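Under our numbering, the sequence shown has 174 at position 162, and the numbering climbs by one with no breaks.
Okay, so here's the structure we're looking at.
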Amino acid sequence: MNRKSSTQDENVSELTGMRQVSLWHRQDLQHDRQDYLAEEVPVALVYNGISHVVMMATPKDLDLFAVGFSLSEGIIDSRTEIYGMDVVQVCNGLEVRIELSSRRFMALKARRRALAGRTGCGVCGVEQLNDVGRPVTPLPFSQTFSLKYLDLALEHLNDVQPVGRMTGCTHAAAWVMPDGKLAGGLEDVGRHVALDKLLGKRAVENVWHQGAVLVSSRASYEMVQKAAMCGVEIMFAVSAATTLAVEVAERCNLTLVGFCKPGRATIYTHPQRLLGA
């Protein structure tokens, strides 16, 4: 595991904790070792006073998470439909208190969804199976990406994971520019939360209109759906895609690429956006 300088350690100290562990190495059990662990706390998103979802998350960039989640779940269509937001410490976790426009809040109540999430869980609390897989407007074919630049993005993916480098415990979602450079990235213990944070940053700062999403995890259907809901046309994943993720990507015109490694990748859907494929 790569260790960082003391200055870098201080920058992420609030997101990690030290714990006593035992290490095994070639039949030698070593005791009394301190190691870094990633912080994970319950985070409730509260819309106009009503708790809608509780997710386990890394306690950083929660305002971006709230915006990204609201967009990727179809709660809002635009960042401007959020009138205010506060992150509040409560006795057993954190609350992100979000003030929605009246129209959006009424629509949210009508959905009657009450999610209860866990790390890596995106379906918990959906009332009916028919609610899984919301309709997504098919994406346009306005983006392209040259695969010769994918290696550069993969090479620097670790750069946007300061907590991950210390703990080996977080997922990352990064925005890849058409030249392969990473314009920005967010990390979290939950892969869905990391993606929501990235989508929230993109919306709040109104940036990254060209390029693709790169995630350090597998590509599940929720990840594909969230990206498509926010207008992302191309998604690269370090690990595999699920069958449902491929079906959703095909249906909504998203180019989905998995098993991204230096010099190779598996293209599941819509390869026409990829130059050199």
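Positions of the beta carbon are idealized from the N, C-alpha and C atoms, including for glycine.
The model shown is predicted, which means the values in this text are computed figures rather than measured ones.
Local conformation of residue i per DSSP, three classes
i	result
Arg276	strand
Arg263	helix
Pro54	strand
Ala224	strand
Asp73	coil
Val79	helix
Val216	helix
Leu151	coil
Val24	coil
Ala257	helix
Asp89	coil
Ser158	strand
Ala1	Outside the displayed range of the chain (13 to 289) lies residue 1, so it cannot be described from this structure.
Glu245	coil
Arg8	Outside the modelled stretch of the chain, which goes from 13 to 289, sits residue 8, for which no answer is possible.
Ser63	strand
Arg230	coil
Ser236	Reading the sequence as shown, one finds Val at residue 236 and not Ser. Helix at Val236.
Arg109	strand
Arg146	coil
Thr131	Summary for Thr131: the model assigns pLDDT 44, below 50, so the residue's position carries little reliability; its value from the coordinates is reported in the next sentence. Coil.
Pro283	helix
Cβ pair residue i, residue j closer than 8 angstroms
i	j	result
Asp191	Tyr233	no
Phe94	Val79	The question names Phe, but residue 94 in the sequence shown is Ile. Yes, these two residues count as a Cβ contact at 8 angstroms.
Val260	Ala224	no
Val205	Met97	no
Pro71	Leu106	yes
Asp208	Phe77	yes
Asp163	Pro274	yes
Ser63	Ala69	no
Glu51	Leu27	yes
Nearest neighbour of residue i, chosen from the options [CA to CA]
i	options	result
Leu112	Thr156, Asn60, Phe81 and Val65	Asn60
Ala186	Val53, Glu52 and Ala239	Ala239
Gln237	Phe81, Thr28 and Glu167	Phe81
Met241	Val219, Thr254, Leu211 and Ser251	Leu211
Val269	Leu286, Arg115 and Pro71	Leu286
Ala289	Ser114, Leu76, Arg146 and Thr156	Thr156
Val24	Thr182, Glu85, Pro147 and Asn265	Thr182
Ala277	Cys264, Thr254, Ala249 and Val258	Ala249
Asp89	Val258, Arg115 and His221	Arg115
Ala215	Arg146, Asp75 and Pro274	Asp75
Ala253	Pro54, Arg263, Ala122 and Met235	Met235
Cys272	Leu166, Gly180 and Glu51	Leu166
Val148	Leu266, Thr179, His221 and Arg91	Leu266
Gln46	Glu85, Tyr280, Thr179 and His64	Thr179
Ser158	Pro283, Glu26 and His168	Pro283
Val58	Ile110, Tyr280 and Lys121	Ile110
Glu217	Arg91, Lys121 and Glu52	Arg91
Cys264	Ile87, His168, Gln222 and Arg146	Arg146
Leu194	Ala184, Leu169, Arg203 and Lys213	Leu169
Ser251	Val219, Ala184, His221 and Glu262	Ala184
Whole runs of the alpha helix (DSSP H) within the region 165-213, excluding any shorter than 4 residues: 174-179
Cβ contact check for the region 243-257 and the region 190-206: 3 or more pairs under 8 angstroms: no
The region 222-230 contacting the region 101-116, beta-carbon criterion three pairs below 8 angstroms: no
The region 146-162 in contact with the region 171-182 per 3-pair CB rule at 8 angstroms: no
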